[in-house]
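Residue numbers (our numbering): 926 to 1227. Ideal placement from N, C-alpha and C gives every residue a C-beta, glycine not left out. Just so we're clear, the structure is a prediction, and the values are computed from it rather than from any experiment. See structure below.
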Ligand code: SF4
Ligand code: SF4
Ligand code: SF4
């Protein structure tokens, strides 16, 4: 059987040539060997740009927002976390299912690109799994129109972690005293550059206008200081509460290495405790725990 990469190119060529889709969204090799950024291909002659390697990290679902007002149909490759991002966008009514053709890939887990940058290409085969892939529970896409198969690729679910694995770092912070926790989070968020990379890659951050771009609103200023940075961190975490698909993209792209998933997972853990176990981005018909209200909901805090 041909490799996943060969199948990607073949299917992209067929879909573009037949006119079934106007564009194929996948990954290509960039300037650096340890990065495979997104590729947007409209010409069948260009499909050989597509790659499938251990650095195809970017969650492609987010890019569909750039085309949500287009009438064109797109094809997009989805590994496990991309597929959950697609469901996130469907649940948020940001995309229409019939306008995207989903080509699934069972993900074997991807490699840590920062380690790649440090260790060099000679050590490529020895690179560890990326942190987000070590805790991944759904490496196989949960939604697709067709699935590419390759006997040489890791089987479905091979890197799936247990439900509790993802709360290990969160539990360590929970075990701290309040002063220690405050020091932990301020030490990290004092480094925050407010670059918004974490927001920009996040499939759950899909508001038409983000609160952090409304500089005149008075909600949050542009200064980089402790109070503004903490407000940013907590507000973003709450805005994705119940909707975060745990793809780990926010933490992966943070240039300051802030453990954003520890905060996201704390909220996921609390939601599971309050409303029962729930994993976002698995069922397009499911209502997120914080996605509805009843008139008799408790409101002592208001
Ligand atoms: S988070 Fe899961 S699906 Fe996404 S790249 Fe890592 S192993 Fe693959
Ligand atoms: S990516 Fe990191 S540094 Fe940039 S805004 Fe987010 S938390 Fe701050
Ligand atoms: S908050 Fe982070 S882990 Fe959650 S959906 Fe957004 S990018 Fe993914």
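Rounded to the nearest whole angstrom, the CA to CA distance from residue 1179 to residue 1122 is 6 Å. Take residue 1191, set aside five residues on each side of it, and the residues of its chain with a beta-carbon closer than 6 Å to its own are 1095, in chain order. DSSP places residue 948 inside the beta strand (DSSP E), whose first and last residues are 948-952.
The DSSP-derived three-state label of residue 1052 is coil. Between ligand 2 and residue 1181, a heavy atom-to-CB distance of less than 8 Å is present. Non-local C-beta neighbours of residue 1020 in its own chain, meaning closer than 7 Å and more than five positions away in sequence, comprise 989, 993 and 1014, ordered along the chain. In terms of Cβ geometry, residue 1162 and residue 1185 form a close pair [threshold 9 Å]. Boundaries cannot be given for residue 1060, as no alpha helix (DSSP H) includes it and DSSP labels it neither H nor E. Using a Cβ distance threshold of 9 Å, residue 1029 and residue 1055 do not count as a contacting pair.
With 16 or more other Cβ atoms inside 10 Å of its own Cβ, residue 1172 counts as buried.
At a cut-off of 8 Å, the beta-carbon of residue 991 does not count as near ligand 1: no heavy atom of the ligand is closer than that. For a cut-off of 8 Å, the C-beta gap from residue 1070 to residue 1026 is around 5 Å, short enough to register as a contact. Comparing alpha-carbon positions, the option among 1051, 1012 and 1098 lying closest to residue 1067 turns out to be 1012.
Going by DSSP, residue 1103 is part of the alpha helix (DSSP H) stretching over 1103-1114.
In the structure shown, residue 963 falls within a strand segment according to DSSP collapsed to helix, strand and coil. The straight-line gap separating the alpha-carbon atoms of residue 982 and residue 1217 is approximately 32 Å. Restricted to the stretch 1141-1219, not a single beta strand (DSSP E) segment is unbroken, complete and at least 3 residues in length. Taking the Cα positions, residue 1104 is about 49 Å away from residue 1072. For the pair residue 1189 and residue 942, the Cα-to-Cα distance works out to about 42 Å. Residue 1025 is bridged by DSSP to 999. Set against 8 Å, the gap from the CB of residue 1185 to the closest heavy atom of ligand 2 is smaller. Note on residue 952: 16 or more other CB atoms within 10 angstroms of its CB, so buried under the neighbour-count rule.
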